[in-house]
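**Q** Mapping of the sequence shown onto my numbering: residues 750 to 1381, in sequence order.
For glycine and all other residues, C-beta sits at the position ideal for the given N, C-alpha and C.
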Amino acid sequence: MSVETTAPAVAGAVDKEVRRLDRVIIRFAGDSGDGMQLTGDRFTSETASFGNDLSTLPNFPAEIRAPAGTLPGVSSFQLHFADHDILTPGDAPNVLVAMNPAALKANIGDLPRGAEVIVNTDEFTKRAMQKVGYDASPLEDGSLDGYHLHPVPLTTLTVEALKEFDLTRKEAERSKNMFALGLLSWMYHRPTEGTETFLRSKFAKKPDIAAANIAAFRAGWNFGETTEDFAVSYEVAPAARAFPPGVYRNISGNLALSYGLVAASRQADLPLFLGSYPITPASDILHELSRHKNFGVRTFQAEDEIAGIGAALGAAFGGSLAVTTTSGPGVALKSETIGLAVSLELPLLVVDIQRGGPSTGLPTKTEQADLLQAMYGRNGEAPVPVVAPRTPADCFDAALEAARIALAYRTPVFLLSDGYLANGSEPWRVPEADELPDLAVRFAQGPNHTLDDGTEVFWPYKRDPHTLARPWAIPGTPGLEHRIGGIEKQDGTGNISYDPANHDFMVRTRQAKIDGIDVPDLQADDPDGARTLVLGWGSTYGPITAAVRRIRAQGGHIAQAHLRHLNPFPPNLGEVLTRYERVVIPEMNLGQLATLIRAEYLIDALSYTQVNGMPFKAEQLATALEEAIDGH
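Here it is as C-alpha cells:
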C-alpha cells in the first residue's frame, strides 16, 4: 500500500511495505550531550500536529554533566503515541534508539522481546564498551538475538551527508541526532515541514548550521527510504475520536501551569508577580513567565528561596496575584514565610514541583513525597489548602483552581505538581475565554465597622460571614491603614494580642476557614458495582487509569476515584470510601495520603508505594490491584 508523505523525493526509491499500528512507544537514548531531549521534543511536536494522542516521559541524568559515555550520563526521551485515547508514556518501548553503549545497556532491560533496536555502531568502540562493562560487543555476541537489531553508523552517515558544508568533523557529528530523527520520521510517517521550520528559526543567526541540520534530517529520511535494512515503515492514524472539537496544542505540565497562572491573573484583573529562586524541576515556570510582560507579569529571580517568597508575599500585600515556585528543598526554606502568610491571611500560591528527596535527593527524578510537608510543615497551627493536578494539561486548570481558593479565602495555597507532570507532555485543548472562571476580586474601599460610639472604622480582620476571609486592603488607600506582622492579631482590629482566649479563637477561625472551602464532591468511576476502590492523587492518575482499563478489559470489577483537593478533602470522601470493602492507594512515596485517609476516616486503606524516581507502570499497578481484588 502506498502512503503520501512529506518526504523529499529520493532518486531510485522503491516501494516498501507499510503496516498500520494502533500505537507505538519509542525511546531515544544517548549521552546527555547527544540532543535526545531535542530529538524527542521535535518528534513529539510533529506527532501532535499529525493528530495522534500522545504522552511523553523525558528522563534526565541526575548530574549536571556526568562523564560522557557512562551510565549516569544517559539521557532518554520516551514517547507513546496512538490512534486512540492514551494515558501514560507506556510501560515498555517498541523501539529503542541507542546512540552509544551506555544508552543500550541502561535501557535494553526495559524492552520486550521482538522490539526494534537501532544502534549507532560508530560509538561501539572497545573503550566505550569497557566503560559500561561490556566485555564483548553486544552487537556481535548474540545477546541481542531476541530483538530486531538495526546497526546503523549514524555518525559516519551524518558526516558524509554534511561533507559539502564548511564544518569540522566535530561540528558535523553534532547533527547525528537530526539524522536519527529523520530516520524515525520516515519509519512512522511523521510530517517534516515543522522540524525544518523549527531548525531555521532556532539557528536563524547561524544559517549554515541550520542548513547542515536540515541536510542531516533529510539524509536520515532518505536513508530509511533507500536502505534494505528498513524494509517496513509504519502508520499510526490520527486519534480523531479521542478529542472533542477544538484547537489543540502539545503542552508540558510546567508550560500549562504557567499559562494557567497568566489566565488566572487576567480573570482576576490583577497583576501577576512571581518571586522565585531557580530549582529543578520548577525553573521552567520562571523562564516562561518572564516572557509575558505584555500580560502584566513581573518575575523576580531572588538571591535565595526565602527572599523569593518574601517578595511574593509583599506583592500579595500590595494587591498582586502572588506566586512563588520551588521544589521540596525550597519549601523547607519557605516554611516560616508560608506561616506568615497564614497569619496575615493573604492570597499566595506556593507551587511545589516535587522531586526525589530528602535534602537534595534526586533533582531530576519524580516523587510525590511532599504531601505531608505541605499539610503540616510549619510551626504552630498553620492550615493551608492543597491542590494537585493529575496530568500535564490539567496543570492549567489546577492553577486556576488554586488561584480561586487563594483569592476567595485570603490564604496561601499549595499547588503540588511533580517532575513527571512538569516535564511530560500531552495534547491540550486551548479553552475559549468565556470558559474560564470569573476570579474578580473586590478590594476594601472604606470603613467596614461601626464602634459603640458610632465611629466608622476599618477592621482588617473583620470577616466575610460565608468564607471567613478578611478584607484585602491596598496599601495607601486613605483610612485603611492597618498593622501587619507575624505576632498574633486581635480578632477584628488586627492589633497585637497575647490574650489566650483570643489566640484560641483565631487559631480555630483560621482552621474553620480552610475546612469551609467550597470544593466539589468526589466522583467515583464505578460502572459495575465493584467491591474494591483505587484512590489516587496527582500524577498517579495516568498509570492508575491505564491499569483500571486493563483490569476491566479482562472482566475484572474495580472502581476508581482521584483527588484534586487534598486539604480540605471533598465533603463526600468519607461516604465514598465506606461503600467499598477495600481501598487501595498507590503513591510515589511511603504512604502519605494513606496515612491521612486512615487518620481522618478510620479506613484501613491498603498502601501501594514506589519511590524509585520513576512513575508507576500500568502493568505493575494492574497486577497489584488484581491481588487486592482477590483479597491477597
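I need the straight-line Cα distance from Ile1223 to Phe1066, nearest angstrom please.
**A** The alpha-carbon atoms of Ile1223 and Phe1066 are separated by roughly 7 Å.
**Q** Would you list, in sequence order, the uninterrupted beta strand (DSSP E) runs of no fewer than 3 residues that lie entirely inside the stretch 1050-1110?
**A** Listed in chain order, the complete beta strand (DSSP E) runs (minimum 3 residues) inside the stretch 1050-1110 are 1070-1075, 1097-1103.
**Q** Determine the extent of the alpha helix (DSSP H) in which Tyr1169 is found, giving its start and end residues.
**A** Tyr1169 -> alpha helix (DSSP H) spans 1168-1172.
**Q** I'd like the span of the alpha helix (DSSP H) that includes Tyr1008, first residue to last.
**A** Where Tyr1008 is concerned, the enclosing alpha helix (DSSP H) stretches over 1002-1017.
**Q** Span of the alpha helix (DSSP H) holding Asn962?
**A** Segment 956-975, the alpha helix (DSSP H) holding Asn962.
**Q** Give a yes or no on contact between the stretch 1105-1124 and the stretch 973-982, applying the rule of three or more CB pairs nearer than 8 Å.
**A** Judged by Cβ distances under 8 Å, the stretch 1105-1124 makes no contact with the stretch 973-982, as fewer than three pairs qualify.
**Q** Start and end of the alpha helix (DSSP H) containing Asp1253?
**A** Taken as a continuous stretch (DSSP letters only), the alpha helix (DSSP H) holding Asp1253 covers 1249-1264.
**Q** Starting from Gln1309, follow the alpha helix (DSSP H) in both directions and report where the run begins and ends.
**A** Not the alpha helix (DSSP H): Gln1309 falls in the beta strand (DSSP E), residues 1308-1312.
**Q** In or out: Ser950 buried (at least 16 other Cβ within 10 Å) or exposed?
**A** Per the 10 Å Cβ criterion, exposed.
**Q** Is the Cβ-Cβ distance between Phe1192 and Val1099 less than 9 Å?
**A** No, the pair does not count as a contact, with Cβ atoms beyond the cut-off.
**Q** Pick helix, strand or coil for His1231, following the three-state DSSP scheme.
**A** Three-state result, His1231: coil.
**Q** Taking only three categories from DSSP, how would you classify Thr1140?
**A** Three-state DSSP puts Thr1140 in coil, outside helix and strand.
**Q** For Arg1178, I'd like the list of residues in its chain whose CB is within less than 6 Å of its CB, leaving aside the five on either flank, ordered along the chain.
**A** Cβ neighbours of Arg1178 beyond the five flanking positions: Gly995, Tyr997.
**Q** Thinking C-alpha only, which one of Ile1087, Val1080, Tyr1125 is nearest Ser1108?
**A** Among Ile1087, Val1080, Tyr1125, the Cα nearest to that of Ser1108 is on Val1080.
**Q** When DSSP builds the beta bridges, which residues end up paired with Gln827?
**A** The partner list for Gln827 (beta bridge, DSSP) reads Arg776, Leu806.
**Q** Excluding the 5 residues flanking Asn1338 on each side, which residues of the same chain have their C-beta closer than 8 Å to its C-beta?
**A** Closer than 8 Å at the Cβ level, and outside the excluded window around Asn1338, lie Glu1116, Gln1117, Ala1118, Leu1120, Thr1358, Val1360.
**Q** Measuring alpha carbon to alpha carbon, tell me which residue in Phe1254, Gly1234, Gly1195 is nearest Asp1240.
**A** Out of Phe1254, Gly1234, Gly1195, Phe1254 has the C-alpha closest to the C-alpha of Asp1240.
**Q** So which of Thr944, Thr1073, Ala864 has the shortest CA-CA distance to Thr793?
**A** Minimum Cα distance to Thr793 is reached at Thr944.
**Q** Spell out a yes or no on whether the stretch 1047-1062 and the stretch 1127-1134 are touching, meaning 3 or more CB-CB pairs, one atom from each, closer than 8 Å.
**A** The answer is no - the stretch 1127-1134 does not touch the stretch 1047-1062, with fewer than three Cβ pairs under 8 Å.
**Q** Comparing C-alpha positions only, which one of Trp1221, Ile1236, Gly1195, Gly1203 sits nearest to Pro1227?
**A** For the residues Trp1221, Ile1236, Gly1195, Gly1203, the minimum Cα distance to Pro1227 belongs to Gly1195.
**Q** Looking at the secondary structure, which residues open and close the beta strand (DSSP E) in which Phe979 lies?
**A** First-last for Phe979: undefined, no H or E at that position.
**Q** Let me make sure I understand the geometry here. Which of Glu1237, Ser798, Phe830, Ala1017 has the alpha-carbon closest to that of Gly1068?
**A** The shortest C-alpha separation from Gly1068 is found at Ala1017.
**Q** What is the DSSP secondary structure of Trp1208, counted as helix, strand or coil?
**A** The answer is coil: DSSP assigns Trp1208 none of H, G, I, E or B.
**Q** Using 10 angstroms around the beta-carbon of Thr917, count the other beta-carbons present and answer buried if the total reaches 16, otherwise exposed.
**A** It counts as exposed.
**Q** Are the CB atoms of Ser982 and Met927 nearer to each other than 9 Å?
**A** It is not a contact, given that the beta carbons lie outside the stated cut-off.
**Q** Would Ala1373 and Arg1331 qualify as a contact pair, given that the criterion is a beta-carbon distance under 9 Å?
**A** For Ala1373 and Arg1331, no; Cβs fall outside 9 Å.
**Q** Once you ignore the five residues that flank Glu984 on each side, which residues in its own chain have a CB closer than 8 Å to its CB?
**A** Result list for Glu984: Val752, Val767, Arg768, Arg769, Leu770, Tyr937, His938, in chain order.
**Q** Between the Cα of Pro842 and those of Thr805, Ser886, Ala1148, Gly1287, spot the shortest distance and give me the residue it belongs to.
**A** Selected option, being the one with the closest Cα: Thr805.
**Q** Report the residue from Thr1258, Lys955, Leu1038, Gly789 whose alpha carbon sits nearest the alpha carbon of Pro1020.
**A** It is Leu1038 whose Cα lies nearest to the Cα of Pro1020.
**Q** Could you give the DSSP three-state label for Pro850: helix, strand or coil?
**A** Residue state, collapsed to three classes: helix.
**Q** Taking DSSP as the reference, what is the three-state secondary structure of Ala756?
**A** Reliability fails at Ala756, whose pLDDT of 42 lies under 50, so the model's placement of it is uncertain and the value that follows must be treated cautiously. DSSP places Ala756 in coil when its eight states are reduced to three.
**Q** I want to know whether the stretch 1168-1177 touches the stretch 1026-1034 - three or more CB-CB distances under 8 Å.
**A** At 8 Å Cβ cutoff, the stretches touch.
**Q** Kindly indicate which residue of Phe979, Pro887, Ile963 has the alpha-carbon position closest to the one of Asp764.
**A** The shortest Cα separation from Asp764 among Phe979, Pro887, Ile963 belongs to Phe979.
**Q** How long is the line joining the alpha carbons of Ser924 and Asp783, rounded to whole angstroms?
**A** One C-alpha to the other measures close to 9 Å.
**Q** So Val881 is in the alpha helix (DSSP H); what residue range does that whole segment cover?
**A** First-last for Val881: undefined, no H or E at that position.
**Q** To the nearest whole angstrom, what separates the beta carbons of Glu1336 and Ala1343, a pair I think is in contact under 8 Å?
**A** Confirmed, Cβ separation roughly 7 Å.
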